[in-house]
Amino acid sequence: MSYSDLISDGGMDPREREHIGYTEREEGFYPLYAPPKGSIVTQAFIQCKYCNCPIYHCMGPRYDAVCLTCYKKDPDTR
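25 is the number that our numbering gives to position 40 of the sequence shown; each next residue is one higher, with no gaps.
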């Protein structure tokens, strides 16, 4: 991981943060991590775009989030 990657992610190594799901974009899926401790975040839930289950209790809204369970499913059955 490069220095610029760490700076763009709030200066914290993603390996030290909880992996909570994925963000789905046209190019593919990108990991979604819990915020670092002490961060100021919105108090809106992040829900899965497929099953509407809550992914995380803050940092929302995020309309392109996918939970870990739906990510593991076959794309045709999501």
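In this text, a Cβ means the ideal position worked out from N, Cα and C, and glycines have one as well.
Keep in mind the model is a prediction, meaning the values are calculated, not measured.
Using only the alpha-carbon positions, how far apart do residue i and residue j sit?
| i | j | result |
| --- | --- | --- |
| Glu3 | Leu17 | 9 Å |
| His42 | Thr27 | 9 Å |
| Asp59 | Met44 | 27 Å |
CB residue i to CB residue j, shorter than 8 Å?
| i | j | result |
| --- | --- | --- |
| Ala29 | Pro46 | yes |
For residue i, collect the residues of the same chain with a Cβ closer than 6 Å to its Cβ; drop the 5 residues on either side in sequence, then sort them by chain order.
| i | result |
| --- | --- |
| Cys52 | Gly6, Cys33, Cys38, Ile40 |
| Cys55 | Cys33, Tyr35, Cys36, Arg63 |
Taking residue i and residue j to be in contact with their CB atoms under 8 Å, please state how far apart those CB atoms are, rounded to whole angstroms.
| i | j | result |
| --- | --- | --- |
| Arg63 | Tyr35 | 5 Å |
| Ile31 | Ala50 | 5 Å |
Which residues in the same chain have their Cβ closer than 7 Å to the Cβ of residue i, if we skip the five residues on either side of it in sequence?
| i | result |
| --- | --- |
| Tyr15 | Tyr7, Thr8 |
Leaving aside the five residues before and after residue i along the sequence, list all residues of the same chain whose C-beta is less than 8 Å from its C-beta, in chain order.
| i | result |
| --- | --- |
| Gly23 | none |
Problem - In chain order, each beta strand (DSSP E) run of at least 3 residues that lies wholly inside the stretch -8 to 36 - result: Counting whole runs of 3 or more residues, the stretch -8 to 36 contains the beta strand (DSSP E) stretches 4 to 10, 13 to 18.
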